[in-house]
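If you use my numbering, the sequence shown corresponds to residues 903 to 1026, in order. Think of the CB as a built atom: it goes at the ideal place given N, C-alpha and C, for glycine as much as any other residue. Worksheet: the structure to be examined is printed underneath.
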Amino acid sequence: MDNELKELIKEKGLKEKGISKENWSDNDFKDIELQLLGFYEVDGKLDEEFRNDFINDLQFETDKYKVLSEYYQNAQNIIKDNSIINFMIQDFVNLKSVDNLINVILDGYGIVLENNIVASVDII
């Protein structure tokens, strides 16, 4: 990932969620590149149009518990019976102090960065 794209990501985080530009690490950008940017690259390259699409689609959330609650609500719409998965997700919403467990679940939604921001792309 080039420095220009890193700056665009920082700028988006600052504008949309008030994330300080100093709150980003090299590992955050590596995670974004490895897990999210690939949806937009063609033959390992990111052209200008797809770069703009990526920045537009990139989403950040600083409140992991808000994301987890939304994840639970979406699961409720999918899982209509009282399956074990339903109970597990409800327990995870209630156990806000189990940070590592929450991060694992949220990794299914997007990625939890080193700076505790959940990053995802809206590719639908």
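Quick one: what's residue i bridged to in DSSP?
{"i": "F962", "result": "A1021"}
{"i": "V969", "result": "In DSSP, V969 forms no bridge with anything."}
{"i": "K947", "result": "V944"}
{"i": "I1013", "result": "A1021"}
So, is residue i buried or exposed, given that buried needs 16 or more other C-beta atoms within 10 angstroms?
{"i": "G920", "result": "exposed"}
{"i": "K966", "result": "buried"}
{"i": "V944", "result": "exposed"}
{"i": "F931", "result": "buried"}
What are the boundary residues of the alpha helix (DSSP H) that residue i is part of?
{"i": "F931", "result": "D928 to Q937"}
{"i": "L910", "result": "N905 to K919"}
Return the residue from the list the options that minimises the CA-CA distance to residue i.
{"i": "K908", "options": "F941, L960, G946 and D945", "result": "L960"}
{"i": "Y973", "options": "D930, G1012, N1017 and L910", "result": "G1012"}
{"i": "M903", "options": "D949, V969 and N925", "result": "D949"}
Rounded to whole angstroms, what is the Cα-Cα separation between residue i and residue j?
{"i": "I957", "j": "K914", "result": "8 Å"}
{"i": "E963", "j": "K923", "result": "15 Å"}
{"i": "L936", "j": "I1019", "result": "16 Å"}
{"i": "N976", "j": "V1014", "result": "19 Å"}
{"i": "N1017", "j": "D1024", "result": "21 Å"}
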